[in-house]
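Colleague:
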Amino acid sequence: MTRVLVVGSGLAGLIAAVRATDAGHQVTLVTKAALPDSNTRWAQGGIAAAMFPDDSVKSHVQDTLRAGAGLCDPVAVHVLCSEGPARVRDLIRFGVDFDRDESGVTRGLEAAHSRSRVLHAGGDATGAAIEAALVATVRERAARSLRGVGARLRVQEHTMLVDLTVQDGRVTGAVLLGPDEALRTILADTVILATGGAGELFPHTTNPALATGDGVAAAWRAGASVADLEFYQFHPTALAVPGTPLVSEAVRGEGAVLRNALGHRFMLDLHPDAELAPRDIVARGIAREMTRQGGEPVRLDATGLGRELLERRFPTITAACRAADLDWAVESIPVAPAAHYWMGGVLTDIWGRTSLPGLFAVGEVARTGAHGANRLASNSLLEAAVFADRAVRALRLPVRVSAGVSVVTGSTTGGLPAGVDRDAVQQLMWECAGVLRSGEKLAEASVTLADWATRPTGPDETIAPNMRVRAYEDANLLDLARVTVASALAREESRGAHHRSDYPDGRLELTRTVAWTRTVAWNRGTAPDTADGMRSTLNLDHPTEAEEAIAC
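In this note's numbering, the protein residues as written are 959 to 1510.
(1) What does a CB cutoff of less than 7 angstroms around A981 pick up in its chain, not counting 5 residues either side in sequence?
(2) In chain order, what residues of the same chain lie with their CB nearer than 7 angstroms to the CB of Y1299, ignoring the 5 residues before and after it?
(3) Are the beta-carbon atoms of A1219 and E1233 separated by less than 9 angstroms?
(4) Taking 8 angstroms as the cut-off, is the CB of A1086 close to at least one heavy atom of the ligand GTP?
(5) If you reduce the DSSP assignment to three classes, tell me which class H1298 lands in.
(6) When the Cα atoms are used, what is the spatial distance from G1397 to L1386?
(7) If we count the other Cβ atoms within 10 Å of its Cβ and call it buried at 16 or more, is G1372 buried or exposed?
(8) With distances taken between CB atoms, is the gap from T960 to L1314 smaller than 9 angstroms?
(9) Return helix, strand or coil for L1029, following the three-state DSSP convention.
(10) Just how far apart, CA to CA, sit L1145 and V1129?
(11) To the nearest angstrom, report how far apart P1203 and T998 are at their CA atoms.
(12) Based on the DSSP secondary-structure assignment, which residues constitute the bridge partners of V1096?
(13) Beta-carbon within less than 6 angstroms of A1342's beta-carbon, same chain only, minus the 5 sequence neighbours each way: which residues are those?
(14) How would you call G899, buried or exposed, if buried means at least 16 neighbouring beta carbons within 10 angstroms?
(15) Strictly by DSSP, which residues pair up with G982?
(16) Leaving aside the five residues before and after D1487 along the sequence, list all residues of the same chain whose C-beta is less than 6 angstroms from its C-beta, in chain order.
(17) Please state the DSSP three-state secondary structure of V988.
(18) Please go through the same chain and pick out, in chain order, the residues whose beta-carbon is closer than 6 angstroms to the beta-carbon of V962, but skip the five residues on each side of it.
(19) Using only the alpha-carbon positions, how far apart do E1289 and A1070 sit?
(20) Tell me, to the nearest whole angstrom, how far the beta carbon of D1172 is from that of N1434; I am working on the premise that it is less than 8 angstroms.
(21) Sorted by chain position, which residues of the same chain lie with C-beta nearer than 7 angstroms to A1167's C-beta, five sequence neighbours on each side aside?
(22) Which runs of the alpha helix (DSSP H), 4 residues or longer, sit entirely within the region 1301-1352?
(23) Would you be able to state if there are at least three C-beta pairs under 8 angstroms between the region 1180-1194 and the region 1434-1445?
(24) Rounded to whole angstroms, what is the Cα-Cα separation between A1260 and P1161?
(25) Looking at the structure shown, is A1140 part of a helix, part of a strand, or coil, going by DSSP?
(26) Between the alpha carbons of L1544 and L972, how many angstroms are there, rounded?
(27) Based on Cα-Cα distance, which residue from A1169, L1284 and A1294 lies nearest to R1217?
(28) Within the continuous beta strand (DSSP E) that includes P1194, where are the two ends?
As structure tokens, then:
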């Protein structure tokens, strides 16, 4: 019986835990907060899949490749789009009640989709509906295992991933910080990371506060390859009030428009699809318009949709507007870009396998190649479901490790920040590695981040009680800020979500992914012998036909 450790309780982690349990593995699911708390819970837009007669997998593939700006892995995209409908049907069987009308399941149109194919639940509460159904499924499986029925599934809440343990080049488990703030090591034959993204790298984000990149940082320190970290998607329309709640792209899909301070619909001047252009184009358009008007947010005008549609279709956003004393049925609302989704992450193949034996990554923590330089709207929940399912099936496959490594310059160190606070990291990242970038600003950020000292030790008695989770999170964010800035400096072009004013055009020779791997891997509490180096690798091999047959 295989011991599987799943880290994270969003859609990817919950699917992996259920599938692994049902396959007979011994599963431990750990999550940093309560089981229902994750990025998935806050997803509004929906889940995209070619489920209807007037749509096709081919069309979904084409839309995804187009949005990815030349950096998608076509094989990963085909896997995503072709297996997506089956995974949506799985969610329905797990109890997700997608919105329906008298004709059946309803669907919406979102930016850069050529068809209406986005399914929603609870209007703009799709993520919450999916999370609730899967949490109930996990709790049911855990209860059955306690009664001795089926394979064992154990859930540990309020437990943070600190580091991965590696022996003889293979991941053998993880160091965890429990609710009592004690460090414990759990051994596993396989670790599946499903820890989500790192919105807390920036001061303005639609992510919950727990999104501190713990899985990417731990995998990086352990020596796993990471890739596409320069591609951070900024959602164009977050409500410009404290907390930056998301205003779903589906609002623009229904017909809402963007206006500047003078009331001009400026996106018509920038792209044929106007408000439904790819997210990176809309986010940059808004950012530039805000610069022209002295930093003032632009306005999203949804008044033409009517109160009844807004309240029925978007109850979560309506509630957020009311909390901010705004009535979006009669007035336009202030919106601005905010960090939303990381296309980059731990480099995997199309089975979720990383470059480290014994380590898988699924969901936003992973770089599967399905998103390229810019994620197509509502493909993230689909990716989580598809690749979590594949990762569990791949437990029967041999581990494959990428080859073709060459050395490049770069450095980072692990450990706890000494005298650096999260606000400083966030502000630096927003100013130098936000929506609009330049080589000058990125170089400035690189120097500043390198100067911020870290000490390669774990929390000790000098860390105040109840602050150890925060200390580890801050260490992760500093590590990730450094390697993200290094990646953005290395990509001397503008592509998808990565835009540099000094390299405004794309470069054909850069339409390949450069992945970074630390040449010195070390465990928390052990100082590296030398300065870290980073090495690049361009591709992971795809599975052979025989491997495909095994896992089908």
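Backbone N, C-alpha and C define an ideal beta-carbon position, used for all residues, glycine too.
Modeller: Based on what the coordinates show:
(1) Numbered from its first residue, the sequence shown carries residue 981 at position 23. Closer than 7 angstroms at Cβ, skipping near neighbours: V1350.
(2) Taking the sequence shown and counting its residues from 1, one reaches residue 1299 at position 341. So the list reads G1155, Q1191, E1322, R1333 and S1338, once near-sequence residues are dropped.
(3) Here residue 1219 is taken as the residue at index 261 of the sequence shown, counted from 1. Here residue 1233 is taken as the residue at index 275 of the sequence shown, counted from 1. No.
(4) Ligands displayed in this structure: none; no statement on the ligand GTP is therefore possible.
(5) The residue you call residue 1298 lines up with position 340 of the sequence shown. Reduced to three states, the DSSP call for H1298 is strand.
(6) Position 439 of the sequence shown, counted from the first residue, corresponds to residue 1397. Position 428 of the sequence shown, counted from the first residue, corresponds to residue 1386. Roughly 14 angstroms separates the two Cα atoms.
(7) Taking the first residue of the sequence shown as position 1, residue 1372 is located at position 414. Caution is warranted here: a pLDDT of 44 is assigned to G1372, below 50, making its placement in the model unreliable, and the coordinate value is therefore given only provisionally. That one is buried.
(8) Here residue 960 refers to the residue found at position 2 when the sequence shown is read from its first residue. Here residue 1314 refers to the residue found at position 356 when the sequence shown is read from its first residue. Cβ atoms of T960 and L1314: not closer than 9 angstroms.
(9) To locate residue 1029, count along the sequence shown from 1; it is residue 71. L1029: coil per DSSP, three-state reduction.
(10) On the sequence shown, position 187 is the one that residue 1145 refers to. On the sequence shown, position 171 is the one that residue 1129 refers to. Whole-angstrom Cα-Cα distance: 9 angstroms.
(11) Walking along the sequence shown from the start, residue 1203 turns up at place 245. Walking along the sequence shown from the start, residue 998 turns up at place 40. Their backbone Cα atoms lie some 14 angstroms apart in a straight line.
(12) Counted from its first residue, the sequence shown places residue 1096 at position 138. None; V1096 has no bridge partner.
(13) For the purposes of this step, residue 1342 is taken as residue 384 along the sequence shown, with counting starting at 1. Counting only Cβ-Cβ distances below 6 angstroms, and skipping sequence neighbours, we find L969, A970 and G1321.
(14) Here the chain covers residues 959 to 1510 and nothing more, so residue 899 does not appear.
(15) Sequence index remark: in the sequence shown, residue 982 carries index 24 (1-based). Looking at the DSSP assignment, G982 forms no beta bridge with any residue, so it has no partner.
(16) By 1-based counting over the sequence shown, the position of residue 1487 is 529. A caution first: D1487 carries a pLDDT of 29, below 50, which makes its placement in the model unreliable, though a value can still be read off. Counting only Cβ-Cβ distances below 6 angstroms, and skipping sequence neighbours, we find nothing.
(17) The sequence position of residue 988 within the sequence shown is 30, counting from 1. In the structure shown, V988 sits in a strand (DSSP, three-state: E or B).
(18) By one-based count along the sequence shown, residue 962 stands at place 4. Only A978, H983, V985 and T1148 meet the Cβ criterion.
(19) Position 331 of the sequence shown, counted from the first residue, corresponds to residue 1289. Position 112 of the sequence shown, counted from the first residue, corresponds to residue 1070. Going by the C-alpha atoms only, they are around 27 angstroms apart.
(20) Taking the first residue of the sequence shown as 1, we reach residue 1172 at position 214. Taking the first residue of the sequence shown as 1, we reach residue 1434 at position 476. Right, their Cβ atoms sit about 5 angstroms apart.
(21) Here residue 1167 is taken as the residue at index 209 of the sequence shown, counted from 1. Here the set comprises E1158.
(22) 1338-1351
(23) yes
(24) Working through the sequence shown from its first residue, we reach residue 1260 at position 302. Working through the sequence shown from its first residue, we reach residue 1161 at position 203. Going by the C-alpha atoms only, they are around 27 angstroms apart.
(25) Within the sequence shown, the letter at position 182 stands for residue 1140. Note: A1140 maps to coil in three-state DSSP.
(26) This structure cannot speak to residue 1544, because the chain is shown only from 959 to 1510.
(27) For the purposes of this step, residue 1217 is identified with residue 259 of the sequence shown, where counting begins at 1. Among A1169, L1284 and A1294, the Cα nearest to that of R1217 belongs to A1294.
(28) Walking along the sequence shown from the start, residue 1194 turns up at place 236. Residues Y1190 to L1197.
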